[in-house]
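S.K.: Numbering (the working numbering), first residue to last: 248 to 699. For each residue, glycine too, the CB sits at the ideal point set by N, CA and C.
#1: Would residue 440 be called buried (16 or more neighbouring beta carbons within 10 Å of its own) or exposed?
#2: Report the three-state DSSP secondary structure of residue 359 (helix, strand or coil).
#3: If you compare alpha carbons, which of 312, 459, 311, 657 is closest to residue 575?
#4: According to the neighbour-count rule (16 or more other Cβ atoms, all chains shown, within 10 Å of its Cβ), is residue 691 buried or exposed?
#5: Round the Cβ separation of residue 192 and residue 359 to the nearest angstrom and send it over; I've been treating them as touching at under 8 Å.
#6: Judging by CA-CA distance, which residue of 250, 316, 552, 652 is the nearest neighbour of residue 267?
#7: The alpha helix (DSSP H) spanning residue 268 covers which residue range?
#8: Where does residue 729 sit, in a helix, a strand or coil, going by DSSP?
#9: Cβ atoms of residue 451 and residue 330: under 8 Å apart, would you say?
#10: Compute the Euclidean distance between the alpha carbons of residue 226 and residue 308, then round it to the nearest angstrom.
#11: Can you list, in chain order, the residues of its chain whose CB lies under 6 Å from that of residue 389, leaving out five sequence neighbours each side?
#12: Would you tell me roughly how many angstroms separate the C-alpha atoms of residue 303 and residue 567, rounded to the nearest one?
#13: Looking at the structure shown, is residue 496 part of a helix, part of a strand, or coil, going by DSSP?
#14: List the DSSP bridge partners of residue 637.
#15: When burial is assigned at 16 or more other CB atoms within 10 Å of the CB, is residue 250 buried or exposed?
#16: Three-state secondary structure (DSSP) at residue 379?
#17: Suppose you measure from the CA of residue 610 to the CA of residue 312; what does that come to, to the nearest Å?
#18: Sort 357, 347, 305, 351 by Cα distance to residue 338 and report the nearest one.
#19: Do the region 536–549 and the region 431–446 meet, that is, are 3 or more Cβ pairs less than 8 Å apart?
#20: Given residue 362, which residues of its chain have a CB within under 8 Å of its CB, disregarding the five upstream and five downstream residues?
#21: How is the alpha helix (DSSP H) around residue 472 delimited, first residue to last?
#22: Work out the CA separation of residue 468 and residue 477 for me, nearest whole Å.
#23: Counting beta carbon pairs with one atom in the region 367–382 and one in the region 318–328, are three or more of them shorter than 8 Å?
#24: Can you give the beta carbon distance from residue 561 to residue 684, rounded, assuming they're within the 8 Å contact cut?
#25: Taking residue 601 as part of the alpha helix (DSSP H), name the residues at either end of that continuous run.
#26: Suppose you measure from the CA of residue 341 to the CA of residue 416; what does that come to, to the nearest Å?
#27: May I have a chain-ordered list of the alpha helix (DSSP H) segments no shorter than 4 residues that lie completely inside the region 269–356?
#28: Does DSSP put residue 532 in a helix, in a strand, or in coil?
#29: Using a Cβ-Cβ cutoff of less than 7 Å, which residues in the same chain neighbour residue 489 once the five nearest sequence positions on both sides are dropped?
Now the structure itself:
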């Protein structure tokens with residue numbers, strides 16, 4: 248009988264369910280647990296945390312999770328792969344080792360993969376003449392002065408494979424691809440070659456299905472009313488065979504469901520070109536995927552094709568681009584929408600009279616089809632409206648001035664202003680995204696392993 252590896256994903260983002268990965272460890276009968284904490288904006292947040300405190304810059308929720316599960320993980324022989332390292336994998340490892348010592352867990356090997364954080368190498372890249380052109384606009388990163396706060400490369404999955412080869416129980420990395428968390432143990436276990444494009448594509452697509460957690464098992468599903476026991480939704484498990492075919496399932500007795508439709512909806516998430524899903528390891532052809540219901544909460548996936556990887560790696564950068572503020576008021580009673588629109592007009596005119604004109608302003612009227620403006624039916628006479636006003640500008644003082652104009656409407660506006668939510672709005676930094684490509688030979692990863 249061919250070997251099968253059971254891989255589960257217990258986190259789709261930093262802030263996902265704190266109990267889902269615990270349930271997978273308890274009931275999933277899994278070989279590997281992956282945890283995906285990073286979104287594009289998350290790394291910039293972590294970088295700011297690290298600037299304030301050099302011992303931070305990682306997903307602290309991961310440390311809390313390990314405190315709940317480490318003895319069970321060690322006892323069951325489950326290996327953990329997480330990008331919780333953020334911009335400080337070594338500090339994350341140190342925190343986990345402290346947890347292990349407190350719990351009396353010994354013989355625990357933790358490996359880190361670094362090399363993705365290239366913030367300190369930007370001057371080197373500039374000197375080499377690398378443009379790091381924005382993939383959307385074509386503008387070069389160094390064409391103008393920018394306050395760049397983070398720059399991370401999506402590393403090739405081989406770095407995590409090398410980390411597993413050290414015998415690590417836990418692998419911590421920074422910016423890898425989300426599907427790479429699943430692909431790494433498959434390459435490690437099955438010895439797939441670096442040019443076995445079809446199997447690498449299969450492992451990538453297995454990871455893509457798992458990467459958003461419960462979205463493959465009924466979460467965020469279009470026909471949400473069909474999903475049983477969504478309150479205890481089970482997170483996804485992939486049972487992968489050496490030939491690259493796999494079954495998507497979930498823990499027995501958990502809520503949610505796994506069907507061709509739930510898996511299909513996750514497949515189209517952030518897919519881009521279905522014939523060319525580009526990763527650092529392979530270019531996967533989503534149009535080749537074959538799905539089949541193989542039993543209750545079991546979907547078989549096969550037929551996947553892939554092609555050679557590109558000569559580039561993607562850089563995920565972020566820079567500061569001014570300030571923003573948002574505040575809201577609640578208005579009720581007759582003509583609530585009309586009153587809300589008057590309040591917005593009052594605020595903009597008072598600010599203009601004070602010499603504050605902004606790069607961008609916005610007024611939203613929650614309760615009057617704001618989300619689907621121009622599409623959904625708009626109630627003619629809503630009895631209450633939440634007015635949400637927003638501004639953004641490069642001048643912080645102007646943005647702070649905006650924050651002082653909402654509260655006066657309680658007594659210096661129309662009747663019916665009944666709620667001032669969240670206090671005076673404060674100016675917050677705007678973090679802008681910068682996607683770029685870099686020749687892959689510029690990037691080298693490093694693996695380090697330590698044992699408790």
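M.R.: Straight from the coordinates:
#1: The sequence position of residue 440 within the chain shown is 193, counting from 1. Exposed.
#2: Within the chain shown, residue 359 is the residue found at index 112, counting from 1. Looking at residue 359 - three-state DSSP - the assignment turns out to be strand.
#3: As a first step, residue 575 is located in the chain shown; it is residue number 328 there, counting from the start. The shortest C-alpha separation from residue 575 is found at 657.
#4: On the chain shown, residue 691 is found 444 positions in, with the first residue counted as 1. With fewer than 16 other Cβ atoms within 10 Å, it is exposed.
#5: Summary: the structure shown does not reach residue 192, with the chain confined to residues 248 through 699, and so no result is reported for it.
#6: By 1-based counting over the chain shown, the position of residue 267 is 20. Nearest C-alpha to residue 267: 316.
#7: For the purposes of this step, residue 268 is identified with residue 21 of the chain shown, where counting begins at 1. That run of the alpha helix (DSSP H) goes 267–274.
#8: This structure leaves residue 729 out entirely; the chain is present only between 248 and 699.
#9: Along the chain shown, read from residue 1 onward, the residue named residue 330 stands at position 83. Along the chain shown, read from residue 1 onward, the residue named residue 451 stands at position 204. No, these two residues do not count as a Cβ contact at 8 Å.
#10: As displayed, the chain neither begins before 248 nor continues past 699, which places residue 226 out of reach and without an answer.
#11: Sequence index remark: in the chain shown, residue 389 carries index 142 (1-based). Here the set comprises 373.
#12: Start at 1 with the first residue of the chain shown, and residue 303 comes out as number 56. Start at 1 with the first residue of the chain shown, and residue 567 comes out as number 320. Computed Cα separation, rounded: 20 Å.
#13: By one-based count along the chain shown, residue 496 stands at place 249. In this structure, residue 496 counts as strand in the three-state DSSP scheme.
#14: Along the chain shown, one-based indexing puts residue 637 at 390. Residue 637 is bridged to 573, 609.
#15: Reading the chain shown from its first residue, position 3 is the one you call residue 250. Exposed, by the Cβ-count rule.
#16: Taking the first residue of the chain shown as 1, we reach residue 379 at position 132. Looking at residue 379 - three-state DSSP - the assignment turns out to be coil, as it is neither helix nor strand.
#17: For this step, residue 610 is matched to residue 363 along the chain shown. For this step, residue 312 is matched to residue 65 along the chain shown. Their backbone Cα atoms lie some 40 Å apart in a straight line.
#18: Taking the chain shown and counting its residues from 1, one reaches residue 338 at position 91. Ranking the options by Cα distance to residue 338, first place goes to 305.
#19: no
#20: Locating residue 362 in the chain shown gives position 115, counting from the first residue. Once the five neighbours on either side are set aside, the close Cβ partners of residue 362 are 400, 402, 406, 690, 691, 692, 693.
#21: As a position in the chain shown, residue 472 is number 225, starting the count at 1. Run containing residue 472: none; DSSP gives neither H nor E here.
#22: Here residue 477 refers to the residue found at position 230 of the chain shown. Here residue 468 refers to the residue found at position 221 of the chain shown. Cα to Cα, the separation comes out at about 11 Å.
#23: no
#24: As a position in the chain shown, residue 561 is number 314, starting the count at 1. As a position in the chain shown, residue 684 is number 437, starting the count at 1. Confirmed, Cβ separation roughly 6 Å.
#25: Taking the chain shown and counting its residues from 1, one reaches residue 601 at position 354. Premise fails: residue 601 is in no alpha helix (DSSP H) and is neither H nor E.
#26: Here residue 341 refers to the residue found at position 94 when the chain shown is read from its first residue. Here residue 416 refers to the residue found at position 169 when the chain shown is read from its first residue. If you take the alpha carbons of residue 341 and residue 416, they lie about 15 Å apart.
#27: 287–299, 307–323, 336–350
#28: Mapped onto the chain shown, residue 532 falls at position 285. Residue 532 falls in the strand class under three-state DSSP.
#29: Looking up residue 489 in the chain shown gives position 242. Within the same chain, residue 489 has close Cβ partners 249, 250, 437.
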